[in-house]
Every structure is written in structure tokens, then in C-alpha cells.
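Shown next, in C-alpha cells, is the structure this report addresses.
2 protein chains.
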Amino acid sequence: MKPKLAPAEGAVVAAKGFRTAGVFCDIKRLGTGKGSDKGQKRDLALIVSDVPCAVAGLFTTNQICAAPVKVCIPRTAKGRTQAVVINSGNANACTGRQGMKDALAMTRLTEATLGLPPGYALVASTGRIGVTLPMEQVEAGIPACAALLGSTPTHAEHATEAIMTSDTRPKQIAVRFKLGGKTVHLGGMCKGAGMIQPGMSPNGARPASLPAGLHATMLAFITTDAAIEARTLQRALTEAVALSFNRITVDGDMSTNDTVLVLANGQAGNPRISSLRHKDFIAFSTALQHVCLALARMIVRDGEGVHRVVSVRVSGARSIAEADAAARAVGNSALVKTSWHGGDPNWGRIIDALGYSPATVVEDKVDIGYSTPGSKKILWSLRRGQPTRATFDSLCKAVAPDEFDLHIRLNLGKGEAVLHAADLTEAYVDFNKGNVADPTTLGG
Amino acid sequence: MKPKLAPAEGAVVAAKGFRTAGVFCDIKRLGTGKGSDKGQKRDLALIVSDVPCAVAGLFTTNQICAAPVKVCIPRTAKGRTQAVVINSGNANACTGRQGMKDALAMTRLTEATLGLPPGYALVASTGRIGVTLPMEQVEAGIPACAALLGSTPTHAEHATEAIMTSDTRPKQIAVRFKLGGKTVHLGGMCKGAGMIQPGMSPNGARPASLPAGLHATMLAFITTDAAIEARTLQRALTEAVALSFNRITVDGDMSTNDTVLVLANGQAGNPRISSLRHKDFIAFSTALQHVCLALARMIVRDGEGVHRVVSVRVSGARSIAEADAAARAVGNSALVKTSWHGGDPNWGRIIDALGYSPATVVEDKVDIGYSTPGSKKILWSLRRGQPTRATFDSLCKAVAPDEFDLHIRLNLGKGEAVLHAADLTEAYVDFNKGNVADPTTLGG
Numbered sequence: 001m002k003p004k005l006a007p008a009e010g011a012v013v014a015a016k017g018f019r020t021a022g023v024f025c026d027i028k029r030l031g032t033g034k035g036s037d038k039g040q041k042r043d044l045a046l047i048v049s050d051v052p053c054a055v056a057g058l059f060t061t062n063q064i065c066a067a068p069v070k071v072c073i074p075r076t077a078k079g080r081t082q083a084v085v086i087n088s089g090n091a092n093a094c095t096g097r098q099g100m101k102d103a104l105a106m107t108r109l110t111e112a113t114l115g116l117p118p119g120y121a122l123v124a125s126t127g128r129i130g131v132t133l134p135m136e137q138v139e140a141g142i143p144a145c146a147a148l149l150g151s152t153p154t155h156a157e158h159a160t161e162a163i164m165t166s167d168t169r170p171k172q173i174a175v176r177f178k179l180g181g182k183t184v185h186l187g188g189m190c191k192g193a194g195m196i197q198p199g200m201s202p203n204g205a206r207p208a209s210l211p212a213g214l215h216a217t218m219l220a221f222i223t224t225d226a227a228i229e230a231r232t233l234q235r236a237l238t239e240a241v242a243l244s245f246n247r248i249t250v251d252g253d254m255s256t257n258d259t260v261l262v263l264a265n266g267q268a269g270n271p272r273i274s275s276l277r278h279k280d281f282i283a284f285s286t287a288l289q290h291v292c293l294a295l296a297r298m299i300v301r302d303g304e305g306v307h308r309v310v311s312v313r314v315s316g317a318r319s320i321a322e323a324d325a326a327a328r329a330v331g332n333s334a335l336v337k338t339s340w341h342g343g344d345p346n347w348g349r350i351i352d353a354l355g356y357s358p359a360t361v362v363e364d365k366v367d368i369g370y371s372t373p374g375s376k377k378i379l380w381s382l383r384r385g386q387p388t389r390a391t392f393d394s395l396c397k398a399v400a401p402d403e404f405d406l407h408i409r410l411n412l413g414k415g416e417a418v419l420h421a422a423d424l425t426e427a428y429v430d431f432n433k434g435n436v437a438d439p440t441t442l443g444g
Numbered sequence: 445m446k447p448k449l450a451p452a453e454g455a456v457v458a459a460k461g462f463r464t465a466g467v468f469c470d471i472k473r474l475g476t477g478k479g480s481d482k483g484q485k486r487d488l489a490l491i492v493s494d495v496p497c498a499v500a501g502l503f504t505t506n507q508i509c510a511a512p513v514k515v516c517i518p519r520t521a522k523g524r525t526q527a528v529v530i531n532s533g534n535a536n537a538c539t540g541r542q543g544m545k546d547a548l549a550m551t552r553l554t555e556a557t558l559g560l561p562p563g564y565a566l567v568a569s570t571g572r573i574g575v576t577l578p579m580e581q582v583e584a585g586i587p588a589c590a591a592l593l594g595s596t597p598t599h600a601e602h603a604t605e606a607i608m609t610s611d612t613r614p615k616q617i618a619v620r621f622k623l624g625g626k627t628v629h630l631g632g633m634c635k636g637a638g639m640i641q642p643g644m645s646p647n648g649a650r651p652a653s654l655p656a657g658l659h660a661t662m663l664a665f666i667t668t669d670a671a672i673e674a675r676t677l678q679r680a681l682t683e684a685v686a687l688s689f690n691r692i693t694v695d696g697d698m699s700t701n702d703t704v705l706v707l708a709n710g711q712a713g714n715p716r717i718s719s720l721r722h723k724d725f726i727a728f729s730t731a732l733q734h735v736c737l738a739l740a741r742m743i744v745r746d747g748e749g750v751h752r753v754v755s756v757r758v759s760g761a762r763s764i765a766e767a768d769a770a771a772r773a774v775g776n777s778a779l780v781k782t783s784w785h786g787g788d789p790n791w792g793r794i795i796d797a798l799g800y801s802p803a804t805v806v807e808d809k810v811d812i813g814y815s816t817p818g819s820k821k822i823l824w825s826l827r828r829g830q831p832t833r834a835t836f837d838s839l840c841k842a843v844a845p846d847e848f849d850l851h852i853r854l855n856l857g858k859g860e861a862v863l864h865a866a867d868l869t870e871a872y873v874d875f876n877k878g879n880v881a882d883p884t885t886l887g888g
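Chains as they are written, first to last, in our numbering: chain H, 1 to 444; chain G, 445 to 888.
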């Protein structure tokens, strides 16, 4: 059932029939003479399929949600699209009626420029909140970008750069695998850095099971040449995001703009995956989960100021929801996160956070331990609420690497959850306090 | 009804019939030759009444709660005590059966040393979690402290120093006022600094209305010579804490040890306040609220690394619980807190946090503004979801002072709440990451 995944080149254009490009159109209005030809970061991207695609998406559950999200939700629900236009430098969030007009204008100009039917373009934005889009720049950028569309890895790199905000490096991946005898490609790009604790749902509605008060802007765009029906694609994506993008936190702030989109154009010619019971559904889903998890972990790894990435693995909770709540209390605790930054194996702060989490925790049942990522060899610092004989030095070594797994067993039930979290550093604070004398340093 | 409060000297010994002292007994086992006579910070205090007192208390609702809290809850419920022993440097939390033995041994030694009946002493601890108490030091400290008991402001200063951990300055207050023709005193001391977002209840049980996942060790000890019945005192304290200590946050971490105790010994000779309907109840409650709020704000002001204190005032929520949830989402958001540190009037981050809070928020109804503390003149940055004409410079000036009020009106109902919150600075991160090469730098 599990597909053999091989690496592929080209990220969002690894799949047949997709083209992309990224340009600098000065969304931040830094002024003239600063174009991408002068080394200025690109800020507008297009992803375009040669033919109409099935589409699936998940969107922020923040009640304050950006205009592009409001435009995408109903369009994605229809299951059909052919292009995505994305800008960085401005989130088009909290921009009222003008914001909705601007988001729609972006899709209309994209459709007109590419000769697509109305409603066949999607839009995503990331950057500062509360400032209306500089439409003159955007309206120059879209046709300029369309003129550069192509399918080489360099095109994908330009698009990936264009969606970055405080990201220090591009984030992309592509794989190929076999479905029904045909070679299928699945590739994607994403951006993150700050305001990262996504909690996304297909329609932006808050599920009752979503933990309260949790969640940055992350955007992810995935393309595939697999043939798959839109509703089935949505189910695969919802499951994949539940195990990846919705399981990360940098700073615990959920953005107004979080968006994940998958476009499937069927150009691989595999037998169309028409339902959850189709023989190729699990293989496709597994590949999608792999791509989503790889992209999600890149977001945490490159989070603002992040030095250490810690996968908090909670098991033995009374329910999955309690396991999730416990992992989020630990992964978002300022004191736990600063101890990770200091390389301090401080289990006192961890058990304190567990104790105030909504999860049921019994002190003399709690186990806390460490391993290298993915290893089964755990060094326990606490067993059944009692410090083990592990030495302080050995525990310090366990939390010294840039990435490690934190294992928490509550020993009360069968609920399990994993949260990919990050330390809290002076660099995060310094970056996000900005400099009011230079408003271009002030984040979203 | 409102009593006229005059300042008084002596903090916990302002009230008649109380004595206190603080000594250094080396709870952190820094070694010999470092006594308080050598300028080392005191680490053990006693508060003693000449006669038995009515007592009321509130305790952490963290499920992982320290041994001294477990000892105090049933003793406080009985409503009668005569002494409190307090140590800093070690929280006696997550110390299992030995921890309970040690906490009880502290009360027994205090009772024996002072000649009190069994069960007449309470105990509180603060400091590192997960290390058993150095009982040799404690057992030397209690009689040494008892030998120094006295009623001068200097005695109170020594006790206040002894309960400090990462606090940079002592926190104390006392007032006097008239009740039934008699002069009554009410005074207290507290400590805070980090792991501060208390959510306390009289029996440590978690009320359903408590926001999930919120809350440092704070300890507060208040004494009064008012005559008041224990159950009535508990009601007055529960109300006062709901408006003070339970309405602060430094880092959003709720401690295992949070404790507030009030001892009332009746030595003022006022007519005993025997119920909520007693004519002097409101006057006493008002004075207690004043003392609790003053102490609570001192904790935020001196929080670890804190530069700015912001009172988040939410009104117009659908309920008080929703107002509280909204205020906590804003007051604990890493991005909002770093913007306060930067002096950045970033309303985008504020509305983002409101949007992911459990409170209902409608974008085009939200007002956000600033005032100097207590002033009614508000500079609005956002009205009904739309940026106002207030200039960036004027908004920067509004958030530049060390203390300001942030006004958030949701305009959906009548729910109101205030949260006294703090910024997040590089100093907080630096302090709490500690230095594993010197384990004495590693916090609780």
C-alpha cells in the first residue's frame, strides 16, 4: 500500500502541466531602483496549470480572517481551479470592503491575463496586517509574472522566494511515485517563520475539537499531476494537514491568513482516484502526508529566531484531544521554550505546564524522556513522577542537539499526539519587537 | 461604605499582635561563609500572631501542586491558624512522599518552636521544582528565625526579602482604616517574578469557568487585626483575588505553588464581621481588594525582564468568561508582547489574537485604543474594525510609557474583564534560559 517515494526536482512544477514564476513588484513600496534585477527579494508569484485542476484547501480558523481566505473558501469548495496568485509583504487582512475588492481584483486580473474562465483563480497573501494592498504594484506584477511562467527548477525557486516573508530560506520539496502503473509527481512550496500555530479547517469554521487559543501565517501550495476527484483530494488533504501543518507551533499565535492548497491536474494519466475506497487512495494519501510533514517541519526549523526544534510526543492521555492539549501547553510554555534554548533538561517546567493544561494529569503517573528524532532509545528523566538516576550531564547531552524528541507518557489512557515545537530565543524577541523608527521592520 | 484608606508602616506587622522575621539558612546550599551577615539574601521567614487567627486562603489550580499547598488546603479550610513558615530557593514541588513529610515537618517544628497546638502552622515554598528540601538547613532556620521575631518595619523587610526569588525588589504594602469606630490595619507582602499567571481557588479545584491553559509562583501573605469570621474572610478573599492576583500574567505559566493567605487576629477590637450582610463587610472587602490589587500589580511590574506593564481592558464581550478569554489571548500572545516591548502600536497582532481566542469576535465591531493608566481619555487606533485617523507617531507615544491601558471593545455584549499583563523582552529569555554550567542559575 505504501508507495515508494523518490525525490524529484522542481517543487510546484515537478508535476506535469504546471508552470510558475516569481517577480518583484514592490508590494512594500520600498521605492524605485530596487527591483529583483537589483537583488531585491521577489514578492509576487503565480502557479498555473495547463488544464483545469481538482482543488482542495484548508484555511485558518481565526475569526479574523483575511480577504484572500474569504475569496478562496467558496472557490475551493467548488473543487475546480487553474491558477493561484500569491503576494508577500502585505496580508490583505483587516482591510474591510476595500480588501475584498482588492483580493477579487487580483483573481480577475490573473484570470484575464491567463485567459481563464471567471472564478478559476485563487489568491493568497502574507505580510503586514491592516494595510490595504498597493494595487498599482500588484496590477503591474501579475502580467509581468505571467510573462515569465515556466517549468524549470529555477522558475520554482523564484516562486518560492516570492512567497517568503521573515523566512531565511526557501522551503520546497517534490517526490515521484507510481500509481496504477503511471509515474505521478507531488511537489510543493511553503512559507512560515512567525505567527505560527496553524489550526486550519476546510471552510475556516472552528471545529469544537480544536484547542482554544492556539496558532503564524503559513502558506503552502502543493501541485500534483495525479488524477483525483476533488472531494477525495479534500479528504486526503484534511487528514494530511491534521498530521502536519496543524501539528506545529513556533510562537503559539494563529494567523489570519493560514492557507494550504493542493491542485491536481490529472496529467499523469493514472486511473482517477474517485473515492476513499479507490485502491490508490492510501498510496496517494501517504505521499501527500510525507510532503506536508516535510514542509511543516521546514517551517518550524526556520521559525523566527528558532535554534532548537523539539517534537513533543504525548501518549497515554485520556483522549487524543487531551494528548493534543497537553502537547500544546508544553510546546507553547514560555518557560519550557526558554529552557530548551538554554539546553536545560528542566522537567519541572514541563510537568508544571502539563499540570495547568486542560488535559488530565496525575503527578505520580507521568514519565518524561528524550531521544534523538525517530529513535526508540529514550533517556528517561522522570518515571512515574520520580526523577530517574539519569545524570544531569547525560540529560543535558540529550537536549543539546538542534533537534530532539521529548516523550511524555501520561499513563492514563490511549490518547496520542505529536506537536513540532520550537525554542524561544532572544533573536525571536529582537526580531519581533522591530524598530518603530523604521516601520518596514514591523511585522504582521 | 467605602473606607478611607491611609498608608501604614510595617507590611505584615502593621496589624496589632503580629510578629515576623527572615533569616538566611542556605536552602540553596551555596555553602558556608555566605550567611545574611555576609550579605547573602535571606531565604526563610515566619509570620506569627500572638493569638489564634481566622484564616482564609486561595491556592493554585495546577493539577501538579506542591506539598506545602496540599498541607495548607485542609488546614485553611478549618479556618484557624496562628503562624506561617515560608522558604524560598526550593518549591518542594514534585517531591513525592518525602516532600509531604518535609512540609509537615516544617509545620511541626514551627508549632513546637512557638509553643502552638498541632495544626496551627501553615507552610509555603517557592523556588526550583523537583528537588527535595535540605531539611538540615530548614531545621536550623526555623528556630533561628523564631528567635528574631519582632514587629518593626525592619522585621517586615527581612521577611519580605526572605520570600523573594527572582524578584528584584521587595513587595509590600499596609493600610489603616476605621471599622465600627476602631482603627484596623491590613498589610501584606508578596513575591512573583516568573511562572506567573495565577488561577487560584479556595481548595485548589479547577472551576469550570477558569480559562484553560493559563497562569508563576506567586506567594502573598496578608495580615489584619480586624475581627472577622473565617468563612466571611474567605468570601472577601475569593472576591478580592478574582479582581487582583487571578487577573495578572507575566509569562502565562501557572505555578505549582501559587498561594494567598490572609490571617485575621481580631486585635483591633472592631465588632466581629460575622457574615456577608454585616454592615462592615463591604468596607473590609474594599480595603482587602485595594491591598491585593496593589500587591498583584507589583508582581507584574517586577516580572522577569519586564519593561512595560499593560492593563488589557476588554469590554462588550458576550460574557465575562469571553472577556477574560479575549484579554488572556492578547496578554499572552508572544507577538503582542514583543510589539509592546518594541513600543509598536501594532493593532494587527492584537486583533489576530482576539480572533483565535475562544471569545466571539466580529471584525467590523472591534475598537482598540490606548490611555494612560486610569484615564478616560482614549486614543483609538481602530474603530469598528477600521483604522482611525490617529497618526502612527501619536499611537507610538501612547504605547511608549512604562505603563499604559489597552482598551478593547468587542461591542457584542456586556462582558468585561481586565488583565494586568507585561511585555516580553530579551532579558526574560536570557534569564530563563539560565546556564547549565551553573545549575544554581536554573529556575523553577
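We put the beta carbon where it would ideally sit given N, CA and C, even for glycine.
Contacts that H:Pro373 makes with chain G (C-beta to C-beta distance below 9 Å) | Position 373 of the first sequence, counting from 1, holds the residue named residue 373 of chain H. None at all; the shortest Cβ gap to chain G is about 21 Å.
For G:Asn506, which residues in chain H fall below 8 Å Cβ to Cβ?
-> Looking up residue 506 of chain G in the second sequence gives position 62. Correct list: Asp352, Gly355, Tyr356.
Give the straight-line distance between the Cα atoms of G:Ala660 and G:Gly636, rounded to the nearest whole angstrom.
-> As a first step, residue 660 of chain G is located in the second sequence; it is residue number 216 there, counting from the start. As a first step, residue 636 of chain G is located in the second sequence; it is residue number 192 there, counting from the start. Note that G:Ala660 scores a pLDDT of 45, beneath 50, so its modelled location is shaky; the value from the coordinates is reported in the next line. If you take the alpha carbons of G:Ala660 and G:Gly636, they lie about 7 Å apart.
Backbone CA spacing between H:Arg247 and H:Thr425 [nearest angstrom] | Along the first sequence, read from residue 1 onward, the residue named residue 247 of chain H stands at position 247. Along the first sequence, read from residue 1 onward, the residue named residue 425 of chain H stands at position 425. Between H:Arg247 and H:Thr425, the C-alpha separation is close to 21 Å.
Cβ atoms of G:Gly787 and G:Ala844: under 8 Å apart, would you say?
-> Translated into the one-based positions of the second sequence, residue 844 of chain G becomes position 400. Translated into the one-based positions of the second sequence, residue 787 of chain G becomes position 343. Yes, the Cβ-Cβ distance between G:Ala844 and G:Gly787 is below 8 Å.
Terminal residues of the continuous beta strand (DSSP E) containing H:Glu416?
-> Sequence index remark: in the first sequence, residue 416 of chain H carries index 416 (1-based). Start and end: 415-422.
Cα-Cα separation, H:Arg108 to H:Gly115 | Within the first sequence, the letter at position 108 stands for residue 108 of chain H. Within the first sequence, the letter at position 115 stands for residue 115 of chain H. Their Cα atoms are separated by approximately 10 Å.
Determine the chain G residues that contact H:Trp380 at a beta-carbon separation under 9 Å, and present them in chain order.
-> In the first sequence, the residue the question calls residue 380 of chain H occupies position 380. None at all; the shortest Cβ gap to chain G is about 14 Å.
Going by the beta-carbon positions, is the gap between G:Ala664 and G:Leu739 smaller than 8 Å?
-> Taking the second sequence and counting its residues from 1, the one referred to as residue 664 of chain G is at position 220. Taking the second sequence and counting its residues from 1, the one referred to as residue 739 of chain G is at position 295. Cβ distance < 8 Å, so G:Ala664 and G:Leu739 count as in contact.
H:Glu239 at chain G interface by Cβ criterion, 8 Å = Along the first sequence, one-based indexing puts residue 239 of chain H at 239. Cβ-Cβ to chain G under 8 Å: no for H:Glu239.
Where does H:Pro143 fall in DSSP's three states?
-> As a first step, residue 143 of chain H is located in the first sequence; it is residue number 143 there, counting from the start. Residue state, collapsed to three classes: helix.
In angstroms, rounded to a whole number, what distance separates the CA positions of H:Ser381 and H:Gln267?
-> Translated into the one-based positions of the first sequence, residue 381 of chain H becomes position 381. Translated into the one-based positions of the first sequence, residue 267 of chain H becomes position 267. So the alpha carbons of these two residues sit roughly 52 Å apart.
Would G:Lys841 count as contacting chain H if we go by Cβ distances under 8 Å?
-> What you label residue 841 of chain G is simply residue 397 of the second sequence in a count that begins at 1. Not an interface residue.
For H:Asp364, write down the residues that DSSP places opposite it in a beta bridge.
-> As a first step, residue 364 of chain H must be located in the first sequence, where it is residue number 364. Answer is none; H:Asp364 lacks a bridge partner.
Beta-carbon proximity of G:Ala618 to G:Ala452, cut-off 8 Å = As a working note, residue 618 of chain G is residue 174 in the second sequence. As a working note, residue 452 of chain G is residue 8 in the second sequence. Contact: yes.
Whole-angstrom C-beta distance between G:Ser493 and G:Gly526, which should lie under 8 Å = Your numbering for residue 526 of chain G matches position 82 in the second sequence. Your numbering for residue 493 of chain G matches position 49 in the second sequence. The amino acid occupying residue 526 of chain G in the given sequence is Gln; Gly does not appear at that position. Going by Cβ atoms, the distance from G:Gln526 to G:Ser493 rounds to 5 Å, so yes, they are a contact pair.
Going along the chain, which residues of its own chain have a beta-carbon closer than 7 Å to the beta-carbon of H:Arg75, five neighbours each way excluded?
-> Locating residue 75 of chain H in the first sequence gives position 75, where the first residue counts as 1. Here the set comprises Thr81, Gly119, Leu122.
Return the residue from the list G:Asp669, G:Phe621, G:Thr703 that minimises the CA-CA distance to G:Ala510.
-> Here residue 510 of chain G refers to the residue found at position 66 of the second sequence. Nearest option by C-alpha distance: G:Thr703.
Is H:Pro7 helix, strand or coil by DSSP?
-> Translated into the one-based positions of the first sequence, residue 7 of chain H becomes position 7. Here H:Pro7 sits in strand by DSSP.
If I'm right that G:Val862 touches G:Val756 with Cβ under 8 Å, what's the distance once you round it to whole angstroms?
-> If you number the second sequence from 1, residue 862 of chain G lands on position 418. If you number the second sequence from 1, residue 756 of chain G lands on position 312. Yes, they are in contact, since the Cβ atoms of G:Val862 and G:Val756 sit about 7 Å apart, within 8 Å.
CB-CB under 6 Å to G:Leu630, same chain, minus the five flanking residues each way: which ones, in chain order?
-> Taking the first residue of the second sequence as position 1, residue 630 of chain G is located at position 186. So the qualifying residues of the chain are Val619, Thr668, Ala731, Val735.
Nearest-angstrom Cα distance between G:Arg745 and G:Thr782?
-> Position 301 of the second sequence holds residue 745 of chain G. Position 338 of the second sequence holds residue 782 of chain G. Computed Cα separation, rounded: 16 Å.
Does any C-beta atom of chain G lie closer than 8 Å to the C-beta of H:Ser209?
-> Within the first sequence, the letter at position 209 stands for residue 209 of chain H. Note that H:Ser209 has pLDDT 41, beneath the 50 cutoff, so the model's placement of it is unreliable and the number below is only indicative. So no, H:Ser209 is outside the interface.
When you compare each of H:Ala77, H:Ser333, H:Ser244, H:Asp423 to G:Met698 by their alpha carbons, which one comes out closest?
-> On the second sequence, position 254 is the one that residue 698 of chain G refers to. Residue H:Ser333 is the option with its Cα nearest to G:Met698.
According to a CB-to-CB cut-off of less than 7 Å, which residues of the stretch 845-878 of chain G neighbour chain H?
-> Leu868, Thr869, Glu870, Val873, Asp874, Asn876, Lys877, Gly878
Show which residues of chain H have a CB atom less than 7 Å away from the CB atom of G:Thr782.
-> Taking the second sequence and counting its residues from 1, the one referred to as residue 782 of chain G is at position 338. Those are Val429, Asn432, Lys433, listed as they occur along chain H.
Could you check which residue in G:Leu577, G:Gly747, G:Ala769, G:Ala727 has the C-alpha nearest to that of G:Val694?
-> The residue labelled residue 694 of chain G in the question sits at position 250 within the second sequence. Among G:Leu577, G:Gly747, G:Ala769, G:Ala727, the Cα nearest to that of G:Val694 is on G:Gly747.
In whole angstroms, what is the alpha-carbon distance linking H:Lys376 and H:Ile408?
-> Counting from 1 along the first sequence, the entry for residue 376 of chain H is found at position 376. Counting from 1 along the first sequence, the entry for residue 408 of chain H is found at position 408. Computed Cα separation, rounded: 13 Å.
When you compare only the Cα positions, how much space is there between H:Lys2 and H:Ile282?
-> As a position in the first sequence, residue 2 of chain H is number 2, starting the count at 1. As a position in the first sequence, residue 282 of chain H is number 282, starting the count at 1. So the alpha carbons of these two residues sit roughly 7 Å apart.
Out of curiosity, what's the CA-to-CA distance linking G:Ser719 and G:Ile672?
-> The sequence position of residue 719 of chain G within the second sequence is 275, counting from 1. The sequence position of residue 672 of chain G within the second sequence is 228, counting from 1. Cα to Cα, G:Ser719 sits roughly 8 Å from G:Ile672.
CA-CA distance, H:Gly213 and G:Ile795?
-> The residue labelled residue 213 of chain H in the question sits at position 213 within the first sequence. The residue labelled residue 795 of chain G in the question sits at position 351 within the second sequence. Per-residue confidence for H:Gly213 stands at a pLDDT of 29, beneath the threshold of 50, marking its modelled position as unreliable; no derived number is given.
Can you tell me which of H:Val429, H:Ser285, H:Ser394 puts its alpha carbon nearest to the alpha carbon of H:Thr238?
-> For the purposes of this step, residue 238 of chain H is taken as residue 238 along the first sequence, with counting starting at 1. H:Thr238 has its Cα closest to that of H:Ser285, out of H:Val429, H:Ser285, H:Ser394.
Who are the Cβ neighbours of H:Asp167 in its own chain at under 8 Å, not counting the five residues just before and after it?
-> Counted from its first residue, the first sequence places residue 167 of chain H at position 167. Cβ neighbours of H:Asp167 beyond the five flanking positions: Lys191, Gly192, Ala193, Asp302.
If you measure beta-carbon to beta-carbon, which residues of the stretch 223-257 of chain H are closer than 8 Å to chain G?
-> Asp251, Gly252, Asp253, Met254, Ser255, Thr256
By a C-beta neighbour count over all protein chains shown, 10 Å radius and 16 as the cutoff for buried, is G:Phe848 buried or exposed?
-> Position 404 of the second sequence holds residue 848 of chain G. Flag for G:Phe848 reads buried.
How should H:Pro117 be labelled, buried or exposed, when 16 other C-beta atoms within 10 angstroms of its C-beta is the threshold for buried?
-> Sequence index remark: in the first sequence, residue 117 of chain H carries index 117 (1-based). So H:Pro117 ends up on the exposed side.
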